[in-house]
Amino acid sequence: MNRKLKRSLLCWLVLSPLVVAVLFPFAVMFFTSFKPASEVFVYPARWLPVHWRWQNYVDMWEAANFGVALRNSIEVSVLSTLLALAVSLPAAYALARFPFRGRGLYRQFLLVTQMLSPILLVVGLFRLAAMIPFGDGNLVDTKLSVIVSYAAFNIAFAVWMLSSYFQTVPRDLEESAWLEGCSRTGAVFRVFLPLAVPAMVVTAIFTFISAWNEFAVVYTLIRSPENKTLTVQVTDMVAGKYTVEWQLVMAATLAATLPVSVVFAWLQRYLVKGLALGAVK
Amino acid sequence: MRPTPRAVAAPRAPWLLIVPSLVLALFIISYPIFNIVYQSLHDVSRFGQIRGFSGWQNFYNVLDDPMFMSVLKNTIVWTICVVVGTVAISVPVALVLNQDFYGRGIARTIVMLPWSVSLTMTAVVWRWAFNDDYGMVNVTLQRLGVIAGPIHWLATPQYAFPVEIAVGILVSIPFTTTILLGGLSSVPGDIYEAARIDGANAWQQFRRLTLPLLRPFINMAVLLNVIYVFNSFPIIWVMTQGGPDESTHILVTWLYELGFRLGRPGEAAAVSLVMLVILFAFSLVYLKLQSLRGGQAEGDAA
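First to last, the sequence lines map onto chains A and B. Using the numbering used here, you'd call the opening residue of the first sequence number 1 and step up by one each time. Using the numbering used here, you'd call the opening residue of the second sequence number 282 and step up by one each time.
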């Protein structure tokens, strides 16, 4: 018991610089977001606000057009996640269950798509969106273009995670369902999918977070304020401004970040498992 | 892994299952690649109009640009520093997090936390934290007596880039640690027992047992991190936009500037292709080296 206590102290001591560095920006966000403007730009500056100003969050909501950006972020992230899952599920099932020719080739293709990050293709992606007619104009400045791009760039990750989990679902369960006269497809829907739900939920949440946090694609494809997502909206509050109202910016970043961080903190253990399984197989 | 009779009976089934993902990925990736090649070989106006075939002219312009060499150098420095720094920190962090100690769950969560925050938001917060007069970094360092007066972190070329590299390392640690933790969890505990009985000390256990077992995971982490870091855009774009004096541009930020700020899309497309070639060359060489070394290791074992 005493040994474990000693070991715990040592472990925390080793980790402490990293812990400080990780929590530092959260502290900056939190304390700045409650300072009145007069306390933000005061020299020498101090960590804690003298007067806690909750009103900042109300002001930020107006200044950042936060409600609209929040709705756009949710819409884009949810729809792109659903699309990515819809195409990745069957592919992951095939990878986990069938030894077929071209399997290695398909895996290499996925690795290559990982390499082609959106930012490398952003010039061409913009032309692609400009070329496809949609409504009165084209796909530039539409959420649809962002949704489809996100879904496509998330396929590799989703297939990787899902198939590594699917391999852990025992094959016998499906096989015994066949023996009882269930068709292969029927076994998938009645036996396999219910067991795969946790893996799907975890993958979906991570896909959602990566869409929620993406920047380069929305920054390029979306022009009008009513279509902007949170990441771009917050950057707009900072970029190219002569005076930045940092207390409002920090309120916006904290409000945009905290919900996702909480969900992530709760789920991160599943990520360790999934990525590890995928990395070696 | 014996194929079941039904799987053999329907050899097309796996392909049918794969097709939707293949089509979507190819649709989003193939046209942009084609378009980038096309633009890079043409004279393109700032509004994207193609004005005629120009051969290698865009590539010549890019390579002749006085910016190119410094940007390339920055990109290499950025990628190597961030990836090496990340792995050097993540290995001990993963080893610690793999120990059994009080508060391990909380420690893991804290270490993973930067992953959940958008790089853009992280960069915005750090930009404020490194503010000259009002930022908390200078405030804290002055309070602690480390520095006498405020340092102009992001306005000074020799500080701005290292600061961005440090932020880059911080945000890359969670992903890398995750992969390494996965690797450690697959290491059976009883081999350490055996090593202890044979009288191996902690360092020998690490050198002879843990490191070789972790190697495939470290390789994986290096490869993926090189790809991500080489392509990383938001940190530099938000914190300094390539400044001060264009001293912190890397290829991606310069590519963006060329394409969407300076109105030279043809040259931006050329930079994209140069980057793609670099990435592919690196990945091929790296994977080749790994398989060579892997083969050797197996040979040694046998």
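Note that the Cβ used here is the ideal one computed from N, Cα and C, for glycine as well.
Local conformation of residue i per DSSP, three classes
i         : result
B/Asp-256 : Any property of residue 256 of chain B remains undetermined from this structure, which presents chain B solely from 282 to 583.
A/Arg-103 : helix
A/Asn-138 : strand
B/Pro-469 : coil
B/Glu-527 : coil
A/Tyr-242 : coil
A/Phe-126 : helix
B/Asn-412 : coil
A/Tyr-43  : coil
B/Leu-297 : helix
A/Gly-186 : helix
A/Gln-108 : helix
B/Phe-340 : helix
A/Leu-254 : helix
B/Asn-506 : helix
B/Gly-547 : helix
B/Ser-513 : coil
Residue-chain proximity (residue i, chain C), Cβ-Cβ < 9 Å
i         : result
A/Asn-227 : Going by chain labels, chain C is absent from the structure shown, which instead holds the protein chains A and B.
Range of the contiguous alpha helix (DSSP H) that encloses residue i
i         : result
A/Arg-171 : 171-179
A/Trp-160 : 143-166
A/Asn-213 : 193-213
B/Cys-362 : 347-378
A/Pro-90  : 66-97
B/Trp-396 : 385-397
A/Ala-63  : 55-63
B/Trp-535 : 532-537
A/Asn-227 : Premise fails: A/Asn-227 is in no alpha helix (DSSP H) and is neither H nor E.
B/Arg-488 : Segment: none, B/Arg-488 is in no alpha helix (DSSP H) and carries neither H nor E.
A/Arg-223 : Unbroken run through A/Arg-223: none, as it is neither H nor E.
B/Arg-542 : Note, B/Arg-542: premise wrong, no alpha helix (DSSP H); not H, not E.
B/Leu-422 : 417-424
Within 9 Å, strictly: CB atoms of residue i and residue j
i         : j         : result
A/Ala-204 : A/Thr-81  : yes
B/Val-444 : B/Leu-435 : yes
A/Ala-211 : A/Leu-70  : no
B/Val-555 : B/Phe-340 : yes
B/Arg-545 : B/Asn-316 : no
B/Asn-512 : B/Val-533 : yes
B/Ile-310 : A/Thr-113 : yes
B/Leu-459 : B/Val-368 : The sequence shown places Thr at residue 459 of chain B, rather than the Leu named in the question. For B/Thr-459 and B/Val-368, no; Cβs fall outside 9 Å.
B/Leu-298 : A/Pro-90  : yes
A/Leu-125 : A/Val-217 : yes
B/Leu-305 : A/Ile-155 : yes
B/Phe-442 : A/Arg-7   : no
B/Ile-454 : A/Leu-18  : yes
A/Phe-215 : B/Leu-400 : yes
A/Phe-206 : A/Phe-157 : yes
B/Tyr-509 : A/Tyr-43  : no
A/Leu-85  : A/Met-250 : no
B/Leu-322 : B/Gly-336 : yes
Residue burial classification, residue i (beta-carbon count within 10 angstroms, cutoff 16)
i         : result
A/Thr-168 : exposed
B/Arg-287 : Residue placement at B/Arg-287 is flagged as unreliable, the pLDDT there being 48, under the threshold of 50; a coordinate-derived value is accordingly withheld.
B/Glu-579 : Residue placement at B/Glu-579 is poorly supported in this model, since its pLDDT is 44, which falls under 50; the coordinates still yield a value, given next. Exposed, by the Cβ-count rule.
A/Asn-2   : exposed
B/Ala-388 : buried
B/Ala-475 : exposed
A/Trp-54  : exposed
B/Trp-359 : buried
A/Leu-15  : buried
B/Asn-506 : buried
B/Leu-425 : exposed
A/Trp-246 : buried
A/Trp-266 : exposed
A/Leu-221 : buried
A/Gly-104 : exposed
B/Val-289 : Caution is warranted here: a pLDDT of 47 is assigned to B/Val-289, below 50, making its placement in the model unreliable, and no coordinate value can be reported.
B/His-279 : This structure cannot settle anything about residue 279 of chain B, because the visible part of chain B is limited to 282 through 583.
A/Ser-176 : exposed
A/Met-237 : buried
B/Gly-540 : buried
A/Ala-92  : buried
B/Ala-583 : With a pLDDT of only 36 at B/Ala-583, under the threshold of 50, the placement of this residue in the model should not be trusted; the figure read from the coordinates follows. Answer is exposed; the Cβ neighbour count stays below 16.
Delimiting residues of the beta strand (DSSP E) encompassing residue i
i       : result
A/Arg-7 : No beta strand (DSSP E) holds A/Arg-7; the alpha helix (DSSP H) holding it covers 2-33.
Beta-bridge partners of residue i, as assigned by DSSP
i         : result
B/Phe-334 : B/His-323
A/Pro-133 : A/Asn-138
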